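In terms of our numbering, the sequence shown opens at residue 16 and continues consecutively.
By construction, the Cβ of each residue, glycine as well, lies at the ideal position given by its N, Cα and C atoms.
It should be emphasised that the depicted structure is a prediction, and the values quoted were computed from it without experimental measurement.
What follows is a set of notes on a single structure, which appears directly below.
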Amino acid sequence: MILEVKNLSKTYGEKQSENQALKGVSFSLNKGEILGIVGESGSGKSTLLKLISGLEAPNAGEILLKGKALTQKRTKEDYRTMQMIFQDAVASFHPRRTIAASLWESVRSLLGKDAKLDLKELSEQVGLSEELTGRRPGSLSGGQCQRFAIARAISVKPEILLCDEVTSALDVSTQAQIMELLSKICKDTGASALFVSHDLAVVSNLCDRILVMKDGLIVEEGAAAQIIQNPKEAYTKKLIESVMEI
Ligand SMILES: Nc1ncnc2c1ncn2[C@@H]1O[C@H](COP(=O)(O)OP(=O)(O)OP(=O)(O)O)[C@@H](O)[C@H]1O
Ligand SMILES: [Mg+2]
């Protein structure tokens, strides 16, 4: 087990406007496993990843990384170990810096100023030519930017990839390529992944196991094939049916 989440809760706002985004979520992630997190909009998927990555603080609960309880004060090593990839890949890069500069910045800040970075090898790993790293994010396609966002994440040799709707802004064929790439990276490097998506079809292709979230809670959990073929909860059935209609 590489990551363990225990009874995690998060409330936004105060008093009358209080919004309990997470109401006590517990699960664990095994080494090398790709765990899908699905659920309707507002169910708390992004909140969960923000708490795990340290972007936001929980109100209660515990996050254990390799057995060590994480606090809000993360070490560089914690940040290196868990790398986040976002939906809007273009916006995740500095607009006026070249991709190469952003990649260098990331490895130097997490691995130290003497860190090495092989731009050619890294570009090849994500299926792009090194030449493109000389460009700024605005002159790349969304799919190319997402590949470089994946490159930035894997450049620091993370053990967990935190992916929030990373294919949602892409067309269907690019979605499939990005999923294939993530799956290959996890296989090749032994990294685990938390893969958040509101799209059950995407998740069922990629993930070993699936968590289903509703209103800040996990309502169902199981092997991907079992969740898709034999869902127990009416809510999960509805999620699956809504995908089939498309
Ligand atoms: N910064 C914030 N301030 C107040 N409420 C927030 C904040 N971030 C999220 N919420 C609320 O918390 C709940 C869960 O939001 P979250 O973004 O985790 O949902 P989600 O499952 O990722 O949805 P989506 O599929 O639309 O991305 C929602 O009701 C949302 O409005
Ligand atoms: Mg979200």
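Reduced DSSP secondary structure (H/G/I, E/B, other) of residue i
i	result
residue 222	coil
residue 54	strand
residue 17	coil
residue 249	helix
residue 244	helix
residue 101	coil
residue 42	strand
residue 135	helix
residue 236	strand
residue 88	coil
residue 26	strand
Those residues which DSSP pairs with residue i across a bridge
i	result
residue 83	80
residue 178	100 and 210
residue 31	Residue 31 is not bridged to any residue.
residue 229	232
residue 49	208
residue 37	25
Check: residue i C-beta below 8 Å from any heavy atom of ligand 2
i	result
residue 179	yes
residue 263	Given that the chain is displayed from residue 16 to residue 261, the structure contains no residue 263 and the question cannot be resolved.
residue 211	yes
Cβ-based neighbour list, residue i, same chain, cut-off 6 Å, excluding 5 preceding and 5 following
i	result
residue 248	234 and 235
residue 117	108 and 109
residue 69	89
Same chain only: Cβ atoms within 7 Å of residue i, ignoring 5 sequence neighbours per side
i	result
residue 157	104, 105, 184 and 185
Contact set for residue i: own chain, Cβ-Cβ below 8 Å, skip 5 residues either direction
i	result
residue 84	77 and 78
residue 43	16, 18, 19 and 20
residue 142	162, 192 and 196
Near ligand 1: residue i beta-carbon under 8 Å from a heavy atom
i	result
residue 34	yes
residue 60	yes
residue 94	no
residue 39	no
residue 228	yes
Where residue i falls, given that 16 or more other Cβ within 10 Å makes a residue buried
i	result
residue 28	exposed
residue 190	buried
residue 181	buried
residue 227	buried
residue 4	Outside the displayed span of the chain (16 to 261) sits residue 4, for which this structure offers no information.
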